[in-house]
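Report on one structure; see the data block that follows.
Number of protein chains: 2
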Amino acid sequence: MNSNSLAHSVGLYQFQEECLGLLTGVLDVPKAISYLIDEKGKPVCYKVHQLQPSMHREYVNTYHKYDPLHPTLFSDNDADVVKMSDLVSGHERSEHPYFQEFINPWGVRDIVELFLRQDNQLVAGFALFNLANQPEIDADYVRRVNKLYQFMQFSLEQSIASPKNTQFDSFCSQHGLTNKERLVVELVTQGLPNKSIANNLDCSLATVKTHLQHIFQKLSINSKNELISTLYQKH
Amino acid sequence: MNSNSLAHSVGLYQFQEECLGLLTGVLDVPKAISYLIDEKGKPVCYKVHQLQPSMHREYVNTYHKYDPLHPTLFSDNDADVVKMSDLVSGHERSEHPYFQEFINPWGVRDIVELFLRQDNQLVAGFALFNLANQPEIDADYVRRVNKLYQFMQFSLEQSIASPKNTQFDSFCSQHGLTNKERLVVELVTQGLPNKSIANNLDCSLATVKTHLQHIFQKLSINSKNELISTLYQKH
DNA sequence: GGCGTCATCATCCTTCTGGTTGATAGTCGC
DNA sequence: GCGACTATCAACCAGAAGGATGATGACGCC
Numbered sequence: 104m105n106s107n108s109l110a111h112s113v114g115l116y117q118f119q120e121e122c123l124g125l126l127t128g129v130l131d132v133p134k135a136i137s138y139l140i141d142e143k144g145k146p147v148c149y150k151v152h153q154l155q156p157s158m159h160r161e162y163v164n165t166y167h168k169y170d171p172l173h174p175t176l177f178s179d180n181d182a183d184v185v186k187m188s189d190l191v192s193g194h195e196r197s198e199h200p201y202f203q204e205f206i207n208p209w210g211v212r213d214i215v216e217l218f219l220r221q222d223n224q225l226v227a228g229f230a231l232f233n234l235a236n237q238p239e240i241d242a243d244y245v246r247r248v249n250k251l252y253q254f255m256q257f258s259l260e261q262s263i264a265s266p267k268n269t270q271f272d273s274f275c276s277q278h279g280l281t282n283k284e285r286l287v288v289e290l291v292t293q294g295l296p297n298k299s300i301a302n303n304l305d306c307s308l309a310t311v312k313t314h315l316q317h318i319f320q321k322l323s324i325n326s327k328n329e330l331i332s333t334l335y336q337k338h
Numbered sequence: 104m105n106s107n108s109l110a111h112s113v114g115l116y117q118f119q120e121e122c123l124g125l126l127t128g129v130l131d132v133p134k135a136i137s138y139l140i141d142e143k144g145k146p147v148c149y150k151v152h153q154l155q156p157s158m159h160r161e162y163v164n165t166y167h168k169y170d171p172l173h174p175t176l177f178s179d180n181d182a183d184v185v186k187m188s189d190l191v192s193g194h195e196r197s198e199h200p201y202f203q204e205f206i207n208p209w210g211v212r213d214i215v216e217l218f219l220r221q222d223n224q225l226v227a228g229f230a231l232f233n234l235a236n237q238p239e240i241d242a243d244y245v246r247r248v249n250k251l252y253q254f255m256q257f258s259l260e261q262s263i264a265s266p267k268n269t270q271f272d273s274f275c276s277q278h279g280l281t282n283k284e285r286l287v288v289e290l291v292t293q294g295l296p297n298k299s300i301a302n303n304l305d306c307s308l309a310t311v312k313t314h315l316q317h318i319f320q321k322l323s324i325n326s327k328n329e330l331i332s333t334l335y336q337k338h
């Protein structure tokens, strides 16, 4: 277990939700989506804001591989707030199937993507949509997004170092939980049923159950209920 | 800040600065001021944003004692975001020296004050000014302030360790749980399966399940997992 | 007395969980 | 390369939990 990925599961799930609420609550955002990024760089735990499920499905099934804002493209640099229109030429915009078949038909003019990092590694992303029937994204909007981003990143860094999370961390290390197992624990503490956990992690129910089995064994417990209560009683 | 309050507010100083930056960066705020609140309820560690030193001096020397938004007035309730114009009558506004001599001459039309709390105790405040030459504060502005406040408070709770004083009683009363139901909730938080709960309460499994049904209805949840997690996270 | 609430229990049915076994595939260290 | 660990998934089963409905006795209230 390396120190990078250690950071992954620490309270991120709820943090992500709060961030999405902040962005959509403060800015004029008709659609937005956020995700965590697992140890392989894959987006998981999607949370959407007024985004059609069918649009998301199209993206996940097909178009994600053409996404010029896909997190894997930004894992090795230090990009934080990126605007799609700054990256894509007019030619691409009119020619490439990603735009012809996906972005344009859904009425999307532009997207601003935010990347949160821990120890220089991507851990979460947020995509804010700008639609064709809206005012265009201007410099002031970008400035605000940057301000919000700055505070989110600050808050994230604070949270990780906080006693609450170091306790969670040491709890997990104490019992030798792997990264995936930690993430599962976190989702369990949110009160989610296994099916939702599987959806969030984009894996099968069987996998979730196997992870749980291992967690139960490592902690010498028998149920998710016990997991939550032991977790909170230690704190 | 003395050593006492330092212990109380480790990390708050920078947190306050970041919050002020967030508020002034995202909202249209011509002047703002923030402060921490020491153990006696006194504002300390002022940080200003485009606010004239002389105005601040006047306030600190003289007018603070008339301030209808002064933190001491809100320490015993759970006010979070407060607008001056909601508290002050037109009569006061035109008659009272605080307005005649201080607020009005400085061109201030309205003020929105935010109060951050830790363990139900005030720890920091933020005053956002609205000037006479600006658009008036509207509902949307207040909504945005509330969103920002919500995230600030969340971030604070994440960042700073605090003995989780889960007001269990108030939680139960809030949702109108009966005594038996409270008892069931308590046993659920111990991670017990229904059968054990039944044994503990010396009643049948069916009864426990009925109690749980009622609890779930009252809290609008679906499972014991959710029950435990809402209990620990929301309060 | 009648009404509402609370606590109690039962039955029936569906879904979710936990436990087990077994299998594949990738990574890491030696 | 080999073994240990990790992540993934499948199938199966027993038992637990969730949801609906109905019923009974106790209590307090107007």
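The listed protein sequences correspond, in order, to chains A and B. Residue numbers for the first sequence follow my numbering, so the first one is 104 and each next one is one higher. Residue numbers for the second sequence follow my numbering, so the first one is 104 and each next one is one higher. C-beta atoms are modelled at their ideal positions from N, C-alpha and C, and glycine is treated no differently.
Classify R285 of chain A: buried if its beta carbon has 16 or more other beta carbons within 10 angstroms, exposed otherwise. Along the first sequence, one-based indexing puts residue 285 of chain A at 182. R285 of chain A is buried by the Cβ-count criterion.
Would you say F218 of chain B and Y166 of chain B are within 9 Å of each other, going by their C-beta atoms? In the second sequence, residue 218 of chain B corresponds to position 115, counting from 1. In the second sequence, residue 166 of chain B corresponds to position 63, counting from 1. The answer is no: Cβ separation not under 9 Å.
Pick out whichever of B:T281, B:V191 and B:G228 has its Cα sitting closest to the Cα of A135 of chain B. Reading the second sequence from its first residue, position 32 is the one you call residue 135 of chain B. If we check each option's Cα against that of A135 of chain B, B:G228 comes out closest.
In whole angstroms, what is the alpha-carbon distance linking G210 of chain B and F232 of chain B? Sequence index remark: in the second sequence, residue 210 of chain B carries index 107 (1-based). Sequence index remark: in the second sequence, residue 232 of chain B carries index 129 (1-based). Using only the alpha carbons, I get a separation of about 10 Å.
What alpha helix (DSSP H) runs, 4 residues minimum, are completely inside the segment 147-226 of chain A? 156-164, 187-190 and 193-198
Mark G279 of chain B as exposed unless 16 or more other C-beta atoms lie within 10 angstroms of its C-beta, in which case mark it buried. Position 176 of the second sequence, counted from the start, is the residue given in the question as residue 279 of chain B. Classification of G279 of chain B: exposed, given that the 10 Å Cβ count is below 16.
Measure the alpha-carbon distance for D179 of chain A versus P171 of chain A and round it to whole angstroms. Here residue 179 of chain A is taken as the residue at index 76 of the first sequence, counted from 1. Here residue 171 of chain A is taken as the residue at index 68 of the first sequence, counted from 1. Their Cα atoms are separated by approximately 15 Å.
Taking 9 Å as the threshold (C-beta atoms), are N223 of chain B and G294 of chain A in contact? By 1-based counting over the first sequence, the position of residue 294 of chain A is 191. By 1-based counting over the second sequence, the position of residue 223 of chain B is 120. No. Outside cutoff.
Give a yes or no on whether 9 Å exceeds the smallest Cβ distance from S258 of chain B to chain A. In the second sequence, counting from the first residue as 1, residue 258 of chain B sits at position 155. At least one chain A Cβ lies under 9 Å of S258 of chain B.
Please list, in chain order, the chain B residues whose beta carbon lies closer than 8 Å to that of T333 of chain A. Counted from its first residue, the first sequence places residue 333 of chain A at position 230. Correct list: G294.
Proximal residues to T127 of chain A (C-beta, below 7 Å), its chain only, five neighbours per side dropped: Counting from one through the first sequence, the residue named residue 127 of chain A turns up at place 24. So the list reads A135 and H152, once near-sequence residues are dropped.
Determine the contact status of Y169 of chain B and P200 of chain B, defining contact as a CB-CB distance below 9 Å. Taking the second sequence and counting its residues from 1, one reaches residue 169 of chain B at position 66. Taking the second sequence and counting its residues from 1, one reaches residue 200 of chain B at position 97. Cβ atoms of Y169 of chain B and P200 of chain B: closer than 9 Å.
Between the Cα of E121 of chain B and those of B:V132, B:S137 and B:P133, spot the shortest distance and give me the residue it belongs to. The residue given as residue 121 of chain B occupies position 18 in the second sequence. For the residues B:V132, B:S137 and B:P133, the minimum Cα distance to E121 of chain B belongs to B:S137.
In chain order, what residues of the same chain lie with their CB nearer than 6 Å to the CB of R196 of chain B, ignoring the 5 residues before and after it? Here residue 196 of chain B is taken as the residue at index 93 of the second sequence, counted from 1. Excluding residues within five positions, the ones whose Cβ falls inside 6 Å are F202.
F232 of chain B - partner residues in DSSP beta bridges: Residue 232 of chain B sits at position 129 when you count from the first residue of the second sequence. Paired residue(s): B:I214.
So the candidates are B:V132, B:Y116 and B:H159; which of them puts its Cα closest to the Cα of Q237 of chain B? As a first step, residue 237 of chain B is located in the second sequence; it is residue number 134 there, counting from the start. Measuring from the Cα of Q237 of chain B, the nearest candidate turns out to be B:V132.
Whose Cβ in chain A lies nearer than 9 Å to the Cβ of E204 of chain B? Taking the first residue of the second sequence as position 1, residue 204 of chain B is located at position 101. Those do not exist, as E204 of chain B stays about 35 Å from chain A at its closest Cβ, beyond 9 Å.
Closer than 9 Å, CB to CB, is R220 of chain B near chain A or not? In the second sequence, residue 220 of chain B corresponds to position 117, counting from 1. R220 of chain B does not count as touching chain A.
Excluding the 5 residues flanking S326 of chain A on each side, which residues of the same chain have their C-beta closer than 8 Å to its C-beta? Here residue 326 of chain A refers to the residue found at position 223 of the first sequence. Contacts found: F319.
Anyone know if the C-beta pair for S276 of chain A and Q261 of chain B falls short of 9 Å? Here residue 276 of chain A corresponds to residue number 173 of the first sequence, with the count starting at 1. Here residue 261 of chain B corresponds to residue number 158 of the second sequence, with the count starting at 1. Going by C-beta atoms, S276 of chain A is not nearer than 9 Å to Q261 of chain B.
Would you please verify whether the beta carbon of N268 of chain A is less than 9 Å from any beta carbon of chain B? Residue mapping note: residue 268 of chain A aligns to position 165 of the first sequence, counting from 1. For N268 of chain A, the answer is yes, since a Cβ of chain B falls inside 9 Å of its Cβ.
Out of B:D183, B:R160, B:K150 and B:H314, which one is the CA nearest neighbour of V248 of chain B? The count along the second sequence starts at 1 and reaches residue 248 of chain B at position 145. That would be B:D183, whose Cα lies nearest to the Cα of V248 of chain B.
With a 10 Å radius around its C-beta and 16 neighbouring C-beta atoms as the bar for buried, classify P208 of chain A as buried or exposed. Taking the first residue of the first sequence as 1, we reach residue 208 of chain A at position 105. Flag for P208 of chain A reads exposed.
Beta strand (DSSP E) segment containing I140 of chain A, residue limits: Here residue 140 of chain A refers to the residue found at position 37 when the first sequence is read from its first residue. Run containing I140 of chain A: A135 to I140, per the beta strand (DSSP E) assignment.
For V225 of chain A and V288 of chain A, which I take to be in contact (beta-carbon distance under 8 Å), what is that distance rounded to the nearest angstrom? Numbered from its first residue, the first sequence carries residue 225 of chain A at position 122. Numbered from its first residue, the first sequence carries residue 288 of chain A at position 185. This sequence places Leu at residue 225 of chain A; Val is not what is there. The Cβ separation is near 21 Å, so there is no contact.
Starting from the Cα of V129 of chain B, find the closest Cα among A:R246, A:N164, A:G144 and A:L334 and give me that residue. Locating residue 129 of chain B in the second sequence gives position 26, where the first residue counts as 1. The shortest C-alpha separation from V129 of chain B is found at A:R246.
I'd like to check one pair, E216 of chain B with V185 of chain B: are the Cβ atoms closer than 9 Å? Within the second sequence, numbered from 1, the residue matching residue 185 of chain B stands at position 82. Within the second sequence, numbered from 1, the residue matching residue 216 of chain B stands at position 113. Their beta carbons are under 9 Å apart, which means V185 of chain B touches E216 of chain B by this criterion.
Please tell me whether F271 of chain B and G124 of chain A are closer than 9 Å, where the distance is taken between their beta carbons. For the purposes of this step, residue 271 of chain B is taken as the residue at position 168 of the second sequence. For the purposes of this step, residue 124 of chain A is taken as the residue at position 21 of the first sequence. No, Cβ-Cβ distance for F271 of chain B and G124 of chain A is not below 9 Å.
Should L125 of chain B be flagged as near chain A, meaning a C-beta pair shorter than 9 Å? Numbered from its first residue, the second sequence carries residue 125 of chain B at position 22. Yes - at least one Cβ of chain A is within 9 Å of the one on L125 of chain B.
Min CB distance E284 of chain A to chain B below 9 Å: Here residue 284 of chain A refers to the residue found at position 181 when the first sequence is read from its first residue. No, no contact with chain B.
For F205 of chain B, verify whether its CB is less than 8 Å away from any heavy atom of the ligand MG. The ligand content of the structure shown is nil, which means the ligand MG is not present either.
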